[in-house]
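>
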Amino acid sequence: MTTLTNRPNTALLVVDVQIAVVEEAHERDAVVANIGSLVEQARREEASVVWVQHSDDELVRGSDGWRIVPELAPGDAEPLVEKHYGDSFEDTALETVLSGLGVGRLVVVGSETDACVRSTLHGAFVRGYDVTLVSDAHTTFDKTAWGAPPPDQVIAHTNLYWSRQAAPGRTAGTVPAKAVDFGPTAAVA
1 MTTLTNRPNT ALLVVDVQIA VVEEAHERDA VVANIGSLVE QARREEASVV
51 WVQHSDDELV RGSDGWRIVP ELAPGDAEPL VEKHYGDSFE DTALETVLSG
101 LGVGRLVVVG SETDACVRST LHGAFVRGYD VTLVSDAHTT FDKTAWGAPP
151 PDQVIAHTNL YWSRQAAPGR TAGTVPAKAV DFGPTAAVA
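Listed below in C-alpha cells is the structure:
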C-alpha cells in the first residue's frame, strides 16, 4: 500500500526507451516488444502511461538518437517527462504529473537497468510509491569493458534485488510482463 494520500491509480512508467539508448541493448527487440504490449494493455485498462526521455551532452535533445524507438509511440494525451539525471524524479515534473493523475503505484519498464531504471525505482520508492519492476521489460547494454557483469547478469541481479525490497507502508516487487496488473492500489485515504 502506497504511503501517498488519495493516490489509488497505477501508471506504467516507460523510462528512456530511446533509439541511441537501446540500440545495442541486451535482447533489445524482445524487451521493446514486451514494453509495447504493456503500453497497449495499460491503454486498454485505462491506466496512465507516462514516458520519460533523457537528454545530456551525449544524448542531445532533438537528435535522432534521442527519439523514442519507432516501435513505440507516446499517445497525444500521455505525459512525456524530460530528464537530465538518472532518477526520473530528479529536477523534473514527474511528481507533479503523477500527483495530478492520482498515481500511487508505478509499473516500471525501460533502459538502462543499472542506471536510470534502478535510480528511478529507488527515487519512486523513497517518495512513497509502490513500485513494480517488470522483469522482462528492462534492459542495458554490455558494460563489461568497464568492469560490470554481463547484461544478462545485471538484469537478473536487479530483478532479484528489487523482488526483495521492503519499506514501511510501501510495496516493491518484480513480475514478468504477462503477470502485470494495472489495477488500483490500496492507497492511504
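The numbering of the sequence shown is full-length UniProt numbering, which starts it at 1 and goes up by one.
Beta carbons: idealized from backbone N, C-alpha and C, even for Gly.
Could you spell out where the beta strand (DSSP E) holding THR96 opens and where it closes?
Reading the sequence shown from its first residue, position 96 is the one you call residue 96. Where THR96 is concerned, there is no enclosing beta strand (DSSP E), although the alpha helix (DSSP H) it sits in stretches over 94-100.
> Assign GLN18 to one of two classes, buried (16 or more other C-beta atoms within 10 Å of its C-beta) or exposed (fewer than that).
Within the sequence shown, the letter at position 18 stands for residue 18. So GLN18 counts as buried.
> Hey, VAL50 and LEU98 are a contact pair by Cβ (cut 8 Å); roughly how many whole angstroms apart?
Taking the sequence shown and counting its residues from 1, one reaches residue 50 at position 50. Taking the sequence shown and counting its residues from 1, one reaches residue 98 at position 98. Confirmed, about 7 Å.
> Okay, do the segment 138-149 and the segment 91-106 touch, 3+ Cβ pairs below 8 Å being the bar?
Result no; under three Cβ-Cβ pairs closer than 8 Å.
> Name the residue from VAL22, ARG61, ALA124 whose alpha carbon lies nearest to the alpha carbon of LEU72.
Translated into the one-based positions of the sequence shown, residue 72 becomes position 72. If we check each option's Cα against that of LEU72, VAL22 comes out closest.
> Along the chain, which unbroken stretches of the alpha helix (DSSP H) at least 4 residues long are found entirely within the segment 96-143?
Within the segment 96-143, the complete alpha helix (DSSP H) runs of at least 4 residues are 118-126.
> Among LYS178, THR140, HIS84, which residue has its Cα nearest to the Cα of ARG61?
For the purposes of this step, residue 61 is identified with residue 61 of the sequence shown, where counting begins at 1. Taking only the C-alpha atoms, the option nearest ARG61 is HIS84.
> Any idea what DSSP makes of residue 192, helix, strand or coil?
Because the chain here runs from 1 to 189, residue 192 falls outside it and cannot be looked at.
> Which of the three DSSP states, helix, strand or coil, is assigned to VAL17?
By 1-based counting over the sequence shown, the position of residue 17 is 17. Note: VAL17 maps to coil in three-state DSSP.
> For VAL180 versus LEU38, is the C-beta spacing smaller than 8 Å?
Looking up residue 180 in the sequence shown gives position 180. Looking up residue 38 in the sequence shown gives position 38. Going by C-beta atoms, VAL180 is nearer than 8 Å to LEU38.
> Under the assumption that ASP16 contacts GLU112 (Cβ atoms under 8 Å), give the Cβ distance between them as a whole number of angstroms.
Translated into positions along the sequence shown, residue 16 becomes position 16. Translated into positions along the sequence shown, residue 112 becomes position 112. Right, their Cβ atoms sit about 7 Å apart.
> What are the start and end residues of each continuous alpha helix (DSSP H) run of 4 or more residues lying completely inside the segment 8-77, in chain order?
Here the runs fully enclosed are 19-22, 28-44.
> Opposite VAL175 in the DSSP bridges: which residues?
Here the question's residue 175 lines up with position 175 in the sequence shown. BP columns for VAL175 point to VAL134.
> Start and end of the beta strand (DSSP E) containing LEU80?
Within the sequence shown, the letter at position 80 stands for residue 80. 80-83 is the extent of the beta strand (DSSP E) around LEU80.
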